[in-house]
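Chemist:
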Amino acid sequence: MTGNDGLDREKLMEIDTALLELLDSRAAVTGPVEKRVDNAEYYSRLLDEYEGAYDTAFIQALLEGLTDASSKQADAEEPPPLLVSRAHQSADTIVRIGEAEIGRDEPAHIFGPCSVESYSQVAEVASDLKRKGLKMIRGGAFKPRTSPYDFQGLGKEGLEILLEIKKAHDLAVVSEIVAPEHVNLAEAHLDAFQIGARNMQNFELLKAVGRSSKPVILKRGMSATIEEFLYAAEYILAEGNGNVVFCERGIRTYEKSTRNTLDISAVPLLKQASHLPVLVDVTHSTGRKEIMADCAKAALAAGADGIMAEVHPDPPTALSDKAQQMTLEEFDKFHLSII
Ligand code: PEP
Ligand code: MN
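Here's what the structure looks like:
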């Protein structure tokens with residue numbers, strides 16, 4: 139049938155239908171191999187060529203064909219679930235650090251001084267932890283400090299002290315490492331690596347601990363979202379190390395009455411999103427000894443698998459975080475109130 143414009147409408151419709159079918163079959167072939175943008179460019183060139191030559195109904199149909207083809211490609215490109223996610227693994231991961239198991243019904247806590255300062259300083263805390271039946275001790279050998287003039291940690295000597303403590307007190311030792319080369323250096327000394335808040339997105343460091351089989355305690359960056367925290371852990375799992383423990387340690391907000399703002403909601407959110415265990419550090423989040431026990435109780439009630447806190451035999455002489463480390467007496471009360 140010929141229209142007023144002299145065009146054979148039926149013939150045109152036939153050709154248009156064939157064109158759309160061709161577009162559909164092209165999209166089915168290109169699938170995820172050809173990038174969407176290439177297809178989009180291709181279709182928009184076609185549209186430019188045909189505009190004016192064809193009626194609007196056809197242009198509309200062509201656009202719909204483009205949308206359809208794009209959505210098919212988007213479906214084909216759906217990535218697999220993250221390794222850290224519950225979608226990938228529904229059962230809880232239990233992370234073993236020495237004799238301790240993080241992620242079981244019974245909470246597993248990590249206490250110890252902010253920094254390793256001397257053998258006797260760490261040993262005094264270690265004896266106390268052992269008496270309380272605890273299985274892990276922490277202490278920083280490499281300290282990432284805000285000021286370059288502040289105590290930077292004893293480094294390798296600190297690691298050696300921790301190894302001595304491990305042998306003498308039969309405790310698993312946990313310490314922060316701040317550079318990829320520390321993985322090899324510290325592997326023989328430590329039972330678990332800690333990645334600090336300042337290094338949560340140090341991707342080379344994350345990959346380096348990912349290539350080790352030692353457990354990793356990953357602290358939340360001070361301005362990191364939950365999503366970024368999950369992706370940081372994913373870096374470690376993607377390299378083959380599944381022994382990762384999240385540690386919520388407070389985030390920066392406008393609130394000045396605490397050192398950071400403890401994000402309690404991070405605990406159930408992480409537990410729901412991921413199969414990995416979650417600790418809460420009440421020292422660096424609150425920075426206030428008088429509320430640490432209450433915050434620790436809140437964290438456990440929210441589902442945390444354990445608490446991290448700092449304790450020092452003589453906080454006023456501590457080389458870092460003087461104001462927020464508990465004395466052994468304060469720690470006694472704290473510990474009694476959370477068990
Ligand atoms: C620490 O635990 O010693 C520490 C420095 O904490 P954060 O990385 O959370 O600041
Ligand atoms: Mn500290």
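Counting from 1 along the sequence shown, just add 138 to a position and that's the residue number in this note's numbering.
Backbone N, C-alpha and C define an ideal beta-carbon position, used for all residues, glycine too.
1) May I ask you to check if the CB of residue 366 is nearer than 7 Å to at least one heavy atom of the ligand PEP?
2) Does the ligand FAD have even one heavy atom less than 7 Å from the beta-carbon of residue 419?
3) Taking the continuous alpha helix (DSSP H) assigned at residue 305, which residues delimit it?
4) Within the continuous alpha helix (DSSP H) that includes residue 266, where are the two ends?
5) In chain order, what residues of the same chain lie with their CB nearer than 7 Å to the CB of residue 453, ignoring the 5 residues before and after it?
6) Assuming the contact rule is C-beta atoms closer than 8 Å, residue 355 and residue 344 should be a hit. Round their C-beta distance to whole Å, please.
7) Taking three-plus beta-carbon pairs below 8 Å as touching, is the segment 221 to 237 in contact with the segment 412 to 419?
8) Assuming residue 387 contacts residue 357 under a Cβ cut-off of 8 Å, what Cβ separation, rounded to an integer in Å, is found between them?
9) Roughly how many angstroms separate the alpha carbons of residue 239 and residue 215, rounded to a whole number?
10) Go ahead and label residue 282 buried or exposed: buried means 16 or more other beta carbons lie within 10 angstroms of its beta carbon, across all protein chains shown.
11) Kindly indicate the opening and closing residues of the beta strand (DSSP E) around residue 383.
12) Quick check: is any heavy atom of the ligand PEP less than 7 Å from the C-beta of residue 335?
13) Closer than 7 Å by C-beta to residue 372: which residues in its own chain qualify, once you throw out the five before and the five after it? Chain order, please.
14) Could you say which of 342, 325 and 314 lies nearest to residue 335 if we only look at CA atoms?
15) With the cut-off set at 8 Å, would you say residue 274 and residue 303 are in Cβ contact?
16) Between residue 252 and the ligand PEP, is there a pair consisting of the residue's CB and a ligand heavy atom that are separated by less than 7 Å?
17) Let me know if residue 322 comes out buried or exposed under the rule of 16 or more other beta-carbons within 10 Å of its beta-carbon.
18) So, for residue 433: in the same chain, excluding its five sequence neighbours on each side, which residues have a beta-carbon less than 6 Å away from its beta-carbon?
Modeler: Let's see:
1) no
2) In the structure on display, the ligand FAD does not appear, and the ligands it does have are the ligand PEP and the ligand MN.
3) It spans 294 to 307 - the alpha helix (DSSP H) in which residue 305 sits, taken as one unbroken run.
4) 257 to 269
5) If we look at residue 453 and ignore the five residues flanking it on each side, its Cβ neighbours are 460, 463 and 465.
6) The C-beta separation of residue 355 from residue 344 comes to about 13 Å, leaving the pair out of contact by the 8 Å criterion.
7) yes
8) 5 Å
9) 38 Å
10) It is exposed - the Cβ of residue 282 has fewer than 16 other Cβ atoms within 10 Å.
11) 382 to 386 is the span of the beta strand (DSSP E), which, as asked, contains residue 383.
12) yes
13) 220, 221 and 222
14) 314
15) No. Outside cutoff.
16) Yes, the Cβ of residue 252 comes within 7 Å of a heavy atom of the ligand PEP.
17) exposed
18) 400, 420 and 424
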